[in-house]
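Chains as they are written, first to last, in the numbering used here: chain V, 3 to 113; chain H, 154 to 267.
The beta carbon of each residue, even a glycine, is placed where N, CA and C say it ideally should be.
As the structure is a prediction and not an experimental result, all values here were calculated from the model.
Report on the structure given below.
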Amino acid sequence: DAGITQSPRHKVTETGTPVTLRCHQTENHRYMYWYRQDPGHGLRLIHYSYGVKDTDKGEVSDGYSVSRSKTEDFLLTLESATSSQTSVYFCAISLEGDTQYFGPGTRLTVL
Amino acid sequence: QKEVEQDPGPLSVPEGAIVSLNCTYSNSAFQYFMWYRQYSRKGPELLMYTYSSGNKEDGRFTAQVDKSSKYISLFIRDSQPSDSATYLCAMKGNSGGSNYKLTFGKGTLLTVNP
């Protein structure tokens with residue numbers, strides 16, 4: 003998985019609780035992305051980062067925030083988890099903003 | 154009209170068959186085209202990467218881009234059961250805000266039967 007780890011790999015939480023997912027890379031790539039993948043919707047971009055402390059919204063950013071204080075780490079926070087945020091979350095990295103390499107995913111269930 | 158259209162399948166073929174997977178797109182600014190393979194419960198992995206029009210071959214895989222028709226294809230020759238996966242096309246433009254974001258198709262589920 004191109005030097006990308008995601009933690010946790012599985013999480014079950016309750017509605018209304020905050021949740022933070024972590025993406026860690028050892029490739030020193032500039033760009034990092036968070037996607038969610040759902041049946042019938044494919045991969046949808048939540049947020050992305052083009053450098054330390056530089057982030058921007060994707061197409062489904064409502065209810066999510068991100069932070070990137072170091073090149074290697076990109077955190078995704080669900081401020082108050084809802085059942086509609088049950089999904090598989092993938093982190094991806096890119097050196098120059100073209101080809102992306104994906105992590106193994108985090109399976110999140112919100113009850 | 155969606156920016157990228159991909160037939161979700163499922164597509165089921167016998168081992169050894171030639172498989173053709175396709176995507177159409179509407180944004181003429183797309184210049185870079187990729188195919189990803191995703192096994193069940195795994196992350197997508199990059200399979201092929203092409204720039205602009207033309208063909209690119211890698212082993213049993215051939216990626217083809219026809220920009221005039223806004224149509225890309227992935228051919229798999231001598232398909233194997235290990236090729237059973239979901240195949241995602243992805244593409245991006247060359248400038249502006251879309252320079253470092255990919256637009257993905259929803260994926261085609263392929264099963265190769267022994």
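Three-way DSSP call (helix, strand, coil) for D236(H) in this model: For the purposes of this step, residue 236(H) is taken as the residue at position 83 of the second sequence. Residue state, collapsed to three classes: helix.
Short CB-CB distance (under 9 Å) between L45(V) and chain H: Here residue 45(V) refers to the residue found at position 43 when the first sequence is read from its first residue. For L45(V), the answer is yes, since a Cβ of chain H falls inside 9 Å of its Cβ.
Expected contact under 8 Å - CB spacing of V172(H) and S232(H) to nearest Å: By one-based count along the second sequence, residue 172(H) stands at place 19. By one-based count along the second sequence, residue 232(H) stands at place 79. Between S232(H) and V172(H) the Cβ distance is about 5 Å, and since that is below 8 Å, they are a contact.
C-beta neighbour in chain H for G42(V), strict 9 Å: Here residue 42(V) refers to the residue found at position 40 of the first sequence. Judged by the 9 Å Cβ criterion, G42(V) is in contact with chain H.
Sheet register partners of E198(H) (DSSP bridge): Here residue 198(H) refers to the residue found at position 45 when the second sequence is read from its first residue. DSSP, once it has assigned bridges, lists R190(H) as partnering E198(H).
Within 9 Å, strictly: CB atoms of Y178(H) and Y202(H): Residue mapping note: residue 178(H) aligns to position 25 of the second sequence, counting from 1. Residue mapping note: residue 202(H) aligns to position 49 of the second sequence, counting from 1. Taking 9 Å as the Cβ cut-off, Y178(H) and Y202(H) do not qualify as a contacting pair.
G42(V) Cβ short of 8 Å to the ligand NAD heavy atom set: Annotation note on the ligand NAD: not contained in the displayed structure, which lists no ligands.
Beta-carbon gap between Q27(V) and F104(V) smaller than 9 Å: As a working mapping, residue 27(V) is identified with position 25 in the first sequence. As a working mapping, residue 104(V) is identified with position 102 in the first sequence. No, Cβ-Cβ distance for Q27(V) and F104(V) is not below 9 Å.
Interface residues of chain H facing G53(V) [CB-CB closer than 9 Å]: Within the first sequence, numbered from 1, the residue matching residue 53(V) stands at position 51. Under the 9 Å cutoff, chain H gives no residues; its nearest Cβ is about 11 Å from G53(V).
Nearest candidate by alpha-carbon position, reference G162(H), set G42(V), Y33(V), W36(V) and P20(V): Here the question's residue 162(H) lines up with position 9 in the second sequence. Considering only alpha carbons, the answer is G42(V).
Distance CB(S82(V))-CB(P20(V)) smaller than 9 Å: On the first sequence, position 80 is the one that residue 82(V) refers to. On the first sequence, position 18 is the one that residue 20(V) refers to. Yes.
Through-space distance from Y66(V) to T84(V), alpha-carbon basis: If you number the first sequence from 1, residue 84(V) lands on position 82. If you number the first sequence from 1, residue 66(V) lands on position 64. The alpha-carbon atoms of T84(V) and Y66(V) are separated by roughly 11 Å.
Interface positions of the segment 55-75 of chain V facing chain H (Cβ-Cβ less than 9 Å), listed along the chain: D58 and G60
7 Å CB neighbourhood of R213(H) in its chain, flanking five on each side removed: Start at 1 with the first residue of the second sequence, and residue 213(H) comes out as number 60. Excluding residues within five positions, the ones whose Cβ falls inside 7 Å are I229, R230 and D231.
Interface residues of chain H facing S9(V) [CB-CB closer than 9 Å]: Along the first sequence, read from residue 1 onward, the residue named residue 9(V) stands at position 7. In chain order: nothing, as chain H lies at least about 14 Å away.
Which of helix, strand or coil DSSP assigns to Q102(V): Here residue 102(V) refers to the residue found at position 100 when the first sequence is read from its first residue. Correct three-state label for Q102(V): coil.
For P10(V), the residue or residues it bridges with in DSSP: Numbered from 1 along the first sequence, position 8 holds the residue referred to as residue 10(V). Bridge partners of P10(V): none, in fact.
Rounded C-alpha distance that separates Y50(V) from A182(H): For the purposes of this step, residue 50(V) is identified with residue 48 of the first sequence, where counting begins at 1. For the purposes of this step, residue 182(H) is identified with residue 29 of the second sequence, where counting begins at 1. Rounded to whole angstroms, Y50(V) to A182(H) spans 21 Å at the Cα level.
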